[in-house]
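Which chain is which? The protein sequence lines are A and B, in order. Going letter by letter, the first sequence gives residues 527 to 809 in the working numbering. Going letter by letter, the second sequence gives residues 123 to 492 in the working numbering. Notes follow once the structure below has been shown.
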Amino acid sequence: MSMLKTLLPSFALLRSRWLGCPLALMLTSTWALAQDKRWGPGEPASDYGDRFYDLFWLITILVSVAFALVVVLLVIPVLRDRARPGHRASFDHGKSLHDKRLTAIISIVTFIVLDAWVLVIAMKDLREAYWAIPDAKDPQTYRVEVLAQQWAWNFRATGVDGEFGTADDILTINELVVPLNRPVSFNMTSKDVIHALFLPEMRLKRDVNPGAINEAWFKPIKEGDFTILCAELCGFAHYQMYGKLVVLEQGQFNEWEAEASRLASTAFDADDTEAHWAWDWQE
Amino acid sequence: MRGISWQGLAVAFGALGLLTSLQTSDDDNPHARAPRGVSLVVTEGAYLRAPGADWFAERAKAEPGRFTHDATLAGGIGGWVDAKGEYWFVEMEEGEWVYNQWASPERLTAGRRDFVQFCSSCHGLEGDGYGRSAQHLRPTPRSFQQNKFKFTKVIADLPSDEALLAVIRRGLAGTPMLPWDLSDVQLLDIIQYIKSLSPEESGWRDVYSQVGDAIEVTEDPWVDIKERAIVRGREVYHGAASCHLCHPGYVTNEELRVIRKDPEGTTYRENLTYPALKDSEYEVLGRATKVMPPDFTWHQLRAGITTADLFQTIASGIKGTAMPQWKGALPDEDLWALAHYVEDLIVSYKDQRPERSAFMGGLRTSGDNR
Chain A
527 MSMLKTLLPS FALLRSRWLG CPLALMLTST WALAQDKRWG PGEPASDYGD
577 RFYDLFWLIT ILVSVAFALV VVLLVIPVLR DRARPGHRAS FDHGKSLHDK
627 RLTAIISIVT FIVLDAWVLV IAMKDLREAY WAIPDAKDPQ TYRVEVLAQQ
677 WAWNFRATGV DGEFGTADDI LTINELVVPL NRPVSFNMTS KDVIHALFLP
727 EMRLKRDVNP GAINEAWFKP IKEGDFTILC AELCGFAHYQ MYGKLVVLEQ
777 GQFNEWEAEA SRLASTAFDA DDTEAHWAWD WQE
Chain B
123 MRGISWQGLA VAFGALGLLT SLQTSDDDNP HARAPRGVSL VVTEGAYLRA
173 PGADWFAERA KAEPGRFTHD ATLAGGIGGW VDAKGEYWFV EMEEGEWVYN
223 QWASPERLTA GRRDFVQFCS SCHGLEGDGY GRSAQHLRPT PRSFQQNKFK
273 FTKVIADLPS DEALLAVIRR GLAGTPMLPW DLSDVQLLDI IQYIKSLSPE
323 ESGWRDVYSQ VGDAIEVTED PWVDIKERAI VRGREVYHGA ASCHLCHPGY
373 VTNEELRVIR KDPEGTTYRE NLTYPALKDS EYEVLGRATK VMPPDFTWHQ
423 LRAGITTADL FQTIASGIKG TAMPQWKGAL PDEDLWALAH YVEDLIVSYK
473 DQRPERSAFM GGLRTSGDNR
């Protein structure tokens with residue numbers, strides 16, 4: 527109770543518009559943004575999406591708790607021991623070896639509990655999901671070659687013959703159609719600058735670098751239309767570099783693939799070699 | 123607390139280090155085996171032009187003195203920067219007469235600066251339509267040395283500033299040509315610069331070229347009787363206008379014979395329900411490319427899909443391709459009917475997968491026009 531009495535006059539600070547206004551603005555805007563689903567990460571639509579969701583919330587909660595604790599521990603002495611008549615500032619503890627050790631131990635325990643916990647889970651996720659690129663020889667794996675450019679995504683799928691660099695390769699710009707419940711594997715490169723393929727609902731993001739082929743994969747578990755974004759500032763129109771990811775159930779997908787493949791062979795010009803850009807699949 | 127020793131802390135740090143190192147064995151980490159700097163082998167054994175520093179050097183050698191190097195601009199403008207962080211930029215010293223219109227050096231300089239920043243990655247620094255991002259791209263980006271434009275909706279040889287502005291503002295759907303939301307001043311400066319790229323005595327530097335506005339949208343005679351417009355449009359599409367020679371026919375052989383009043387037993391082109399690849403005048407690296415007439419139930423149309431857009435596109439034709447100018451060849455009434463018919467195809471079947479496959483499947487199983 528005596529502690530509250532000490533603290534009480536300090537709340538007058540909050541009434542000052544210099545502190546109160548920004549604080550109120552911060553709280554209301556955070557609350558308002560949290561109300562709108564578009565600002566959140568959304569529901570995951572790939573089979574490893576939950577891992578990222580779990581890790582995201584683990585980090586958010588751990589960091590929030592740690593932040594709140596630190597702020598409280600900081601604010602209390604600042605308010606309690608603030609400048610007032612009849613008190614002189616002096617160090618009365620914190621210089622002994624015991625205190626130094628105590629500080630070191632608290633820091634290390636915090637570090638191990640917070641960071642190592644997150645690190646272990648993150649490494650496990652990377653190994654079991656992100657880096658566990660599916661076998662390209664497995665016929666279940668749907669392979670897509672991605673050629674990024676300023677400011678569009680070029681996609682190439684094998685078409686019905688299952689081989690890249692043939693007349694029936696399905697070429698699309700800013701639109702990718704993939705089958706449900708099958709691993710989709712990417713080989714990606716860029717014509718010009720660094721881009722990054724970002725499928726937010728699939729929890730997939732990977733840089734696309736010129737001169738190198740990067741790999742990535744995901745397995746969609748929900749049908750529907752999703753977002754394709756570029757997540758690396760790649761020039762003026764970076765914000766317009768987006769596309770549509772369509773996940774179709776296997777039967778519908780087969781029908782789509784057959785038709786797209788057929789139309790692609792109609793559009794194929796064998797003499798126009800400059801337009802043929804497939805590469806040998808890299809694993 | 124006093125009992126804990128410095129050795130204990132050292133052990134804790136060591137354990138942490140071990141924990142992290144456990145995860146980075148190269149054997150079970152496919153990420154570590156990802157190829158670095160591989161040459162991308164193209165099907166025909168040619169090599170993909172991996173972006174490198176030579177690219178600009180070659181271009182600069184071809185036209186010495188055209189480019190100067192200013193690295194500060196690269197940082198300041200943050201526009202198109204190559205691998206070495208270089209930015210090629212030049213002050214225009216002389217103005218140009220482009221189609222009886224004086225473009226001041228200041229205007230051309232401003233236009234060039236914005237052109238380099240926003241347009242050159244595809245359209246090329248010299249406007250030859252072969253910038254670094256244009257590699258392998260079909261349809262090819264416009265070459266401003268060729269002075270032909272597909273979707274300006276203009277009948278004259280060349281589009282007016284307003285017609286070009288409209289194209290740049292709208293963008294071309296389904297291609298990397300974006301809807302550009304720059305200011306009018308910036309876009310008009312860019313347009314003046316583009317016009318100044320015409321080779322001598324041709325395009326905008328040929329005083330005999332005709333420059334025109336987008337075709338006028340006349341009054342739609344079918345505005346309250348859309349169903350009749352669609353029926354009429356279907357007849358014109360497969361009859362008088364013979365659109366099915368390049369675009370897909372959306373009827374069976376038998377229906378086509380009835381519409382065209384052909385004798386029994388007439389045969390039509392193979393794969394009637396698919397489009398046919400056509401020659402075009404658009405060149406890349408000195409070689410003409412082909413273009414695919416769209417299947418309206420499948421492909422995205424470039425220049426808008428409202429009835430008015432479709433009317434304008436059909437009426438003006440598409441320059442440099444097999445799509446002719448229909449204004450004058452057919453009465454306006456039929457052009458509007460065609461626009462309504464095409465719009466109906468798009469609305470009913472494009473992106474409506476079950477409906478489309480039922481419709482096209484029905485055509486394909488009912489005759490010999492597969």
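C-beta atoms are modelled at their ideal positions from N, C-alpha and C, and glycine is treated no differently.
Would you mind sorting TRP557 of chain A into buried or exposed? The rule is 16 or more other CB atoms within 10 Å of its CB. Walking along the first sequence from the start, residue 557 of chain A turns up at place 31. The residue is exposed, with fewer than 16 neighbouring Cβ atoms inside 10 Å.
Measure the CB-CB distance between ILE468 of chain B and ILE440 of chain B and report whether it falls below 8 Å. Start at 1 with the first residue of the second sequence, and residue 468 of chain B comes out as number 346. Start at 1 with the first residue of the second sequence, and residue 440 of chain B comes out as number 318. For ILE468 of chain B and ILE440 of chain B, no; Cβs fall outside 8 Å.
What is the DSSP secondary structure of TYR574 of chain A, reduced to helix, strand or coil? Taking the first residue of the first sequence as position 1, residue 574 of chain A is located at position 48. It is coil, neither helix nor strand.
Members of the segment 781 to 792 of chain A near chain B, C-beta cut-off 9 Å: Answer in chain order: GLU781, TRP782, GLU785, ALA786, ARG788, LEU789 and THR792.
With 8 Å as the threshold, decide whether the Cβ of PHE762 of chain A is near any Cβ in chain B. Taking the first sequence and counting its residues from 1, one reaches residue 762 of chain A at position 236. At least one chain B Cβ lies under 8 Å of PHE762 of chain A.
Interface residues of chain B facing GLU800 of chain A [CB-CB closer than 8 Å]: If you number the first sequence from 1, residue 800 of chain A lands on position 274. The answer, in chain order, is GLN257, HIS258, VAL406, LEU407 and ARG409.
Quick check: what's the CA-CA separation for ILE337 of chain B versus LEU280 of chain B? Counted from its first residue, the second sequence places residue 337 of chain B at position 215. Counted from its first residue, the second sequence places residue 280 of chain B at position 158. Between ILE337 of chain B and LEU280 of chain B, the alpha-carbon positions lie close to 12 Å from each other.
Partners in chain A for LEU367 of chain B, counting only beta-carbon separations shorter than 8 Å: Counting from 1 along the second sequence, the entry for residue 367 of chain B is found at position 245. Taking the beta carbon of LEU367 of chain B as reference, no residue of chain A falls within 8 Å; the closest one sits roughly 14 Å away.
Is the CB-CB distance between ARG382 of chain B and GLY355 of chain B below 8 Å? Sequence index remark: in the second sequence, residue 382 of chain B carries index 260 (1-based). Sequence index remark: in the second sequence, residue 355 of chain B carries index 233 (1-based). Cβ distance not < 8 Å, so ARG382 of chain B and GLY355 of chain B don't count as in contact.
Check the Cβ-Cβ distances between LYS412 of chain B and every residue of chain A, and say whether any is below 8 Å. Taking the first residue of the second sequence as position 1, residue 412 of chain B is located at position 290. The beta-carbon of LYS412 of chain B is placed less than 8 Å from the nearest beta-carbon of chain A.
Whole angstroms is fine: what's the gap from ALA742 of chain A's alpha carbon to MET728 of chain A's? Mapped onto the first sequence, residue 742 of chain A falls at position 216. Mapped onto the first sequence, residue 728 of chain A falls at position 202. Distance between the alpha carbons of ALA742 of chain A and MET728 of chain A is about 12 Å.
Three or more beta-carbon pairs under 8 Å between the segment 658 to 675 of chain A and the segment 708 to 725 of chain A, yes or no? Taking a contact to require three or more Cβ pairs closer than 8 Å, the segment 658 to 675 of chain A and the segment 708 to 725 of chain A qualify as touching.
Nearest to ARG229 of chain B (by Cα), restricted to the options B:ALA363, B:SER318, B:LEU394 and B:PHE481: Taking the first residue of the second sequence as 1, we reach residue 229 of chain B at position 107. Ranking B:ALA363, B:SER318, B:LEU394 and B:PHE481 by Cα distance to ARG229 of chain B puts B:SER318 first.
For GLU386 of chain B, which of B:ASN393, B:THR395, B:LEU394 and B:ASN375 has the nearest alpha-carbon? One-based indexing of the second sequence puts residue 386 of chain B at position 264. When each option's Cα is compared against that of GLU386 of chain B, the closest is B:ASN375.
Short of 9 Å Cβ to Cβ, which residues in the segment 709 to 730 of chain A face chain B? For the segment 709 to 730 of chain A, the residues whose beta carbon sits under 9 Å from a beta carbon of chain B are, in order, THR715, SER716, LYS717, ASP718 and VAL719.
Cβ distance (whole Å) where GLY769 of chain A is taken to contact ASN700 of chain A below 8 Å: For the purposes of this step, residue 769 of chain A is taken as the residue at position 243 of the first sequence. For the purposes of this step, residue 700 of chain A is taken as the residue at position 174 of the first sequence. The pair is a contact, with the Cβ atoms about 3 Å apart (cut-off 8 Å).
Excluding five sequence neighbours on each side, which residues of the same chain lie with their C-beta closer than 8 Å to the C-beta of PHE273 of chain B? Taking the first residue of the second sequence as 1, we reach residue 273 of chain B at position 151. VAL289, LEU294, ARG424, ALA425, THR435 and ILE440, listed in sequence order.
Buried or exposed (CB count within 10 angstroms, at least 16 for buried), CYS547 of chain A: Sequence index remark: in the first sequence, residue 547 of chain A carries index 21 (1-based). So CYS547 of chain A counts as exposed.
Evaluate ILE312 of chain B with the Cβ neighbour count: other Cβ atoms within 10 Å of its Cβ, from every protein chain shown; 16 or more gives buried, anything less gives exposed. On the second sequence, position 190 is the one that residue 312 of chain B refers to. Buried, by the Cβ-count rule.
Is MET813 of chain A helix, strand or coil when you go by DSSP? Because chain A is modelled from 527 through 809, residue 813 of chain A falls outside the range shown and cannot be assessed.
Selected residue, minimal CA-CA separation from GLU758 of chain A, among A:PHE744, A:GLN676 and A:GLY691: Within the first sequence, residue 758 of chain A is the residue found at index 232, counting from 1. Comparing Cα positions, the closest option is A:GLN676.
The segment 341 to 358 of chain B contacting the segment 449 to 466 of chain B, beta-carbon criterion three pairs below 8 Å: Three or more Cβ pairs drawn from the segment 341 to 358 of chain B and the segment 449 to 466 of chain B lie within less than 8 Å of each other, which places the two stretches in contact.
For PRO281 of chain B, list the residues DSSP reports as bridge partners. For the purposes of this step, residue 281 of chain B is identified with residue 159 of the second sequence, where counting begins at 1. Its beta-bridge partners are B:GLY334.
Beta-carbon gap between ILE754 of chain A and LEU702 of chain A smaller than 8 Å: As a working note, residue 754 of chain A is residue 228 in the first sequence. As a working note, residue 702 of chain A is residue 176 in the first sequence. Yes, these two residues count as a Cβ contact at 8 Å.
When burial is assigned at 16 or more other CB atoms within 10 Å of the CB, is TYR315 of chain B buried or exposed? Position 193 of the second sequence, counted from the start, is the residue given in the question as residue 315 of chain B. By the beta-carbon neighbour count (other beta carbons within 10 angstroms, threshold 16), TYR315 of chain B is buried.
Does the segment 257 to 269 of chain B come close enough to the segment 397 to 412 of chain B that 3 or more CB-CB pairs lie under 8 Å? Output reads yes: the segment 257 to 269 of chain B touches the segment 397 to 412 of chain B.
Helix, strand or coil: which one does DSSP assign to GLN666 of chain A? Reading the first sequence from its first residue, position 140 is the one you call residue 666 of chain A. Here GLN666 of chain A sits in coil by DSSP.
Taking all protein chains shown into account, do 16 or more other C-beta atoms lie within 10 angstroms of the C-beta of PHE593 of chain A, making it buried, or fewer, making it exposed? Taking the first sequence and counting its residues from 1, one reaches residue 593 of chain A at position 67. With fewer than 16 Cβ atoms within 10 Å of its Cβ, PHE593 of chain A is classed as exposed.
Less than 8 Å between the C-beta atoms of LEU432 of chain B and GLU465 of chain B, yes or no? Taking the second sequence and counting its residues from 1, one reaches residue 432 of chain B at position 310. Taking the second sequence and counting its residues from 1, one reaches residue 465 of chain B at position 343. The criterion of a C-beta distance shorter than 8 Å is satisfied by LEU432 of chain B and GLU465 of chain B.
Kindly indicate if chain B contains any beta-carbon less than 8 Å away from that of TRP803 of chain A. Sequence index remark: in the first sequence, residue 803 of chain A carries index 277 (1-based). It does; some Cβ of chain B falls within 8 Å.
Quick one, which of A:ASP751, A:PHE578, A:VAL773 and A:LEU725 has its alpha-carbon nearest VAL706 of chain A's? Residue numbering aside, residue 706 of chain A sits at position 180 when the first sequence is read from its first letter. Reading the sequence as shown, one finds Leu at residue 706 of chain A and not Val. A:VAL773 is the residue among A:ASP751, A:PHE578, A:VAL773 and A:LEU725 whose C-alpha sits nearest the C-alpha of LEU706 of chain A.
Starting from the Cα of VAL635 of chain A, find the closest Cα among B:GLY246, B:ALA132 and B:ASP417 and give me that residue. Position 109 of the first sequence, counted from the first residue, corresponds to residue 635 of chain A. Ranking B:GLY246, B:ALA132 and B:ASP417 by Cα distance to VAL635 of chain A puts B:ALA132 first.
Buried or exposed, going by whether 16 or more other CB atoms sit within 10 Å of the CB of ARG291 of chain B? Translated into the one-based positions of the second sequence, residue 291 of chain B becomes position 169. Of the residues assessed, ARG291 of chain B falls on the exposed side of the cut-off, its CB having fewer than 16 other CB atoms within 10 angstroms.
Quick one: is ARG254 of chain B near chain A, going by C-beta distance under 8 Å? As a working mapping, residue 254 of chain B is identified with position 132 in the second sequence. It does: the Cβ of ARG254 of chain B has a partner Cβ on chain A nearer than 8 Å.
Let me check understanding here. Comparing Cα to Cα, which of B:VAL276, B:THR340, B:GLU323 and B:LEU286 lies closest to GLY334 of chain B? Residue 334 of chain B sits at position 212 when you count from the first residue of the second sequence. Closest by C-alpha distance to GLY334 of chain B, out of B:VAL276, B:THR340, B:GLU323 and B:LEU286, is B:VAL276.
Do LEU581 of chain A and ALA648 of chain A have their beta-carbon atoms positioned less than 8 Å apart in this structure? Position 122 of the first sequence, counting from 1, holds the residue named residue 648 of chain A. Position 55 of the first sequence, counting from 1, holds the residue named residue 581 of chain A. Yes; because the gap between Cβ atoms is below 8 Å, this pair is in contact.
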